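Engineer: Numbering (the working numbering), first residue to last: 21 to 93.
Idealized CB from N, CA, C, for every residue including glycine.
Remember, predicted model here, so these are calculated numbers, not experimental data.
First the structure, then my questions, so here it is.
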């Protein structure tokens, strides 16, 4: 996973607004957002990556809007 700004993304996935850091990641057609009141550090990024791996495992390998809406089909 690349954290820094890249030409493909066009923007950095971390935004700071006020006293909060927002980290976002797009997977298929789903956005995952984490908000922390301190600087976004490696632990926040690790959490997102681990959560996505867990969701993919639960949803049978795919993690998109359809899998989330219909988890049993």
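With respect to the beta strand (DSSP E) encompassing residue 77, which residues constitute its N-terminal and C-terminal limits?
Structural biologist: The count along the chain shown starts at 1 and reaches residue 77 at position 57. Segment 62-78 is the alpha helix (DSSP H) holding residue 77; no beta strand (DSSP E) there.
Engineer: Out of curiosity, what's the CA-to-CA distance linking residue 44 and residue 69?
Structural biologist: Your numbering for residue 44 matches position 24 in the chain shown. Your numbering for residue 69 matches position 49 in the chain shown. In a straight line, the C-alpha of residue 44 is about 11 Å away from that of residue 69.
Engineer: Taking the straight line between their C-alpha atoms, what separation do you get for residue 33 and residue 75?
Structural biologist: Counting from 1 along the chain shown, the entry for residue 33 is found at position 13. Counting from 1 along the chain shown, the entry for residue 75 is found at position 55. For residue 33 and residue 75, the distance between alpha carbons rounds to 20 Å.
Engineer: Hey, out of 56, 65 and 58, whose CA is closest to residue 46's CA?
Structural biologist: Here residue 46 refers to the residue found at position 26 when the chain shown is read from its first residue. The option with the nearest alpha carbon to residue 46 is 65.
Engineer: Quick one: Cα of residue 40 to Cα of residue 89, how far?
Structural biologist: Here residue 40 refers to the residue found at position 20 when the chain shown is read from its first residue. Here residue 89 refers to the residue found at position 69 when the chain shown is read from its first residue. Cα to Cα, residue 40 sits roughly 30 Å from residue 89.
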